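Engineer: Provided herewith is a single structure, encoded as structure tokens, for subsequent inquiry.
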Amino acid sequence: MDGRRLVTWDDGIDPPAPRMTAGAWLRVALRGTALAMLVFGGLLLLILLRLVERPLFGLRRSVTPWITQGVCKGAFVIIGLRREVQGAVMRGTGAVVANHSSWLDIFALNASKRIYFVSKSEVAAWPGIGWLARATGTVFIRRDPRDARQQKAVFEERLRVGHRLLFFPEGTSTDGLRVLPFKTTLFAAFFSDGLPDMQVQPVTLAYHAPPGEPATFYGWWGGQGFGEHLLRMLAAPRHGRVEVIYHPPLRVADHGDRKALARAAERAVRDGMRESGLLAAGGGPAPRDPRTI
-14 MDGRRLVTWD DGIDPPAPRM TAGAWLRVAL RGTALAMLVF GGLLLLILLR
36 LVERPLFGLR RSVTPWITQG VCKGAFVIIG LRREVQGAVM RGTGAVVANH
86 SSWLDIFALN ASKRIYFVSK SEVAAWPGIG WLARATGTVF IRRDPRDARQ
136 QKAVFEERLR VGHRLLFFPE GTSTDGLRVL PFKTTLFAAF FSDGLPDMQV
186 QPVTLAYHAP PGEPATFYGW WGGQGFGEHL LRMLAAPRHG RVEVIYHPPL
236 RVADHGDRKA LARAAERAVR DGMRESGLLA AGGGPAPRDP RTI
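For the sequence shown, the working numbering puts the final residue at 278, and the numbers step up evenly by one.
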């Protein structure tokens, strides 16, 4: 399936195409081979261990999440993207919400903590990505109000066994320089009598482009397909960094409803983007040097 279907936010300006030279193609070959061996080698190991882990622990995954974390950390080393973590990872029962810039977010968030993503059901059928998602315990949902009760039950089951669920409330990836309004629907699942002391931790992902590259370098939006974005990441002669900022968890009980909780989480994520220098006081992208646009 065409990767561009993953991206719906569009400001009318397509991302610049990667500049491909002989050196760039060599980096693609070397990094791509190493990344494929790491990801699919890790996937094979995870599947084999899961054959033993599943009958012993059921939904509780005691071993395989460590493989996922190791693969994600290794992916950043191969690509050359520096990851800087700020704040404390939440302890106890809860969920995580973050802004969404690209597929790199999955690696950035998985590298720091044991989490399980919530994704739309169509992803399960995508070659490669769908296999990885299913193997790592992703929760698939349909964005259909008729499924709300069933989805809530699935969330409760996963949270009760200690899983930390993560979703992107913006509903789409962006150019990495803005935070779109958070959609509130999935926040309703956390207001359940069966989930005492529930917490939601907002996380800001702030990507800083390599010197001389557009500030939107790591964003994935508009008509750009997955293959094109991956090619750019593998071909880049040098990379910048991503700040992974963990904000204090929000107690669900302190918020009147899903809309109030979503607003509080969005505000925390926006504050993190602003403090990183990527978001202006008015809420839009911070002014940038026109030479890097």
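We put the beta carbon where it would ideally sit given N, CA and C, even for glycine. Since the structure is predicted, the reported quantities are computational estimates derived from the model, not experimental observations.
#1: Would you kindly work out how many angstroms separate the C-alpha atoms of residue 165 and residue 107, rounded to a whole number?
#2: In three-state DSSP terms, what is residue 189?
#3: Output the boundary residues of the alpha helix (DSSP H) element that contains residue 280.
#4: Would you mind reading off the limits of the alpha helix (DSSP H) that contains residue 63?
#5: Between the stretch 241 to 250 and the stretch 29 to 36, do at least 3 Cβ pairs fall closer than 8 Å?
#6: Who are the near neighbours of residue 254 in its chain, counting only those whose CB is closer than 6 Å to its CB and skipping five residues on each side?
#7: If you count every other CB in all the chains shown that lies within 10 Å of the CB of residue 206, and 16 or more means buried, which is it?
#8: Do you know how far the Cα of residue 179 is from the Cα of residue 38?
#9: For residue -10, I'd like the list of residues in its chain whose CB is within less than 7 Å of its CB, leaving aside the five on either flank, ordered along the chain.
#10: Under the rule that 16 or more other beta-carbon atoms within 10 Å means buried, what is residue 217, buried or exposed?
#11: Does the stretch 138 to 154 come into contact with the stretch 75 to 91, if we say contact requires no fewer than three beta-carbon pairs (one atom in each stretch) closer than 8 Å?
#12: With residue 93 and residue 104 assumed to form a contact (beta carbons below 8 Å), what rounded beta-carbon distance in angstroms separates them?
#13: How would you label residue 144, buried or exposed, when you count the other beta carbons within 10 angstroms and need 16 or more for buried?
Structural biologist: Walking through what the data contain:
#1: 22 Å
#2: strand
#3: Shown here, the chain extends from -14 to 278; a query on residue 280 therefore has no answer.
#4: 49 to 64
#5: no
#6: 84, 164, 187 and 189
#7: buried
#8: 26 Å
#9: For residue -10, the predicted structure reports a pLDDT of 41, less than 50, and the residue's modelled location is therefore unreliable. A value from the coordinates is still provided. Cβ neighbours of residue -10 beyond the five flanking positions: none.
#10: buried
#11: yes
#12: About 16 Å separates the two Cβ atoms, so there is no contact after all.
#13: buried
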